[in-house]
Every structure is written in structure tokens, then in C-alpha cells.
Amino acid sequence: MKTRKVPLRKDIVTGEMLAKKDLVRVVKNKEGEVFLDPSGKQNGRGAYISLDRDVAKQAQEKRVFEKAFSQPIDPAFYEELFAYVDHQQARKELFENEQ
């Protein structure tokens with residue numbers, strides 16, 4: 001059986017190329033709204049960040065999304081990002097222990 005190619009994306013904070021499943025997409029749409037896109041299919045300009053709380057903290061401190069999307073980002077967005085990253089980390093740990 002042929003092995004499938006793993007899609008890679010670049011983490012906007014660290015610059016590392018990682019598997020798409022290990023990242024979350026952040027989107028800025030035409031209306032200027034910035035939001036998380038877990039499905040990875042929303043319309044708009046996208047940037048990827050790894051599912052790691054430390055990397056998310058670095059993104060907030062370095063104002064990475066402000067620079068990428070050329071607009072100020074609401075602090076509530078970062079709270080949503082932290083919550084999502086924590087949730088995904090917990091899921092990953094839970095499902096790894098079951099196997």
C-alpha cells in the first residue's frame with residue numbers, strides 16, 4: 001500500500017514546518033475579523049500556530065498576529081486561543097493513553 005504524503009505547514013511563531021494536524025489555523029476574513037479555524041477551510045488569510053501553550057504565549061508577547069494581519073488583535077482572541085490549545089493538548093494526552 002502506498003504511503004500518503006503528510007501535509008506540512010509553517011508555524012508562524014517558531015518558523016518550524018509541522019504536520020497540519022499539529023497546528024491550528026487562525027483566519028482574518030474580508031470583514032477584518034480574526035478567529036480560530038479548527039476545520040482549516042474558512043475563507044480568508046490564514047496563519048498557523050502549533051498546539052502548544054508556550055508558543056501561544058510567545059505569539060501574544062511578540063504580537064505575531066498583529067504583524068501578520070496588519071491590525072490590532074482583541075485580547076479576548078488570545079484567551080480563546082489558550083483555551084483551545086489547552087483543550088487540544090488534553091485530548092491528545094487522553095487519546096494517547098488509551099492506545
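Note that the sequence shown covers residues 1 to 99 in UniProt numbering.
Think of the CB as a built atom: it goes at the ideal place given N, C-alpha and C, for glycine as much as any other residue.
A quick note: this is a predicted structure, and the numbers were derived from the prediction, not measured.
| Item | Value |
| --- | --- |
| Over the uninterrupted alpha helix (DSSP H) stretch that includes Val64, give me the two end residues. | 64–69 |
| Nearest to Val13 by alpha carbon, out of Leu94, Phe95, Asn29, Arg53? | Arg53 |
| In three-state DSSP terms, what is Arg25? | strand |
| By the DSSP assignment, the beta strand (DSSP E) with Val34 in it spans what residues? | 34–37 |
| Taking 6 Å as the limit between beta carbons, can you name the residues of its chain near Pro7, skipping five residues before and five after? | Lys20 |
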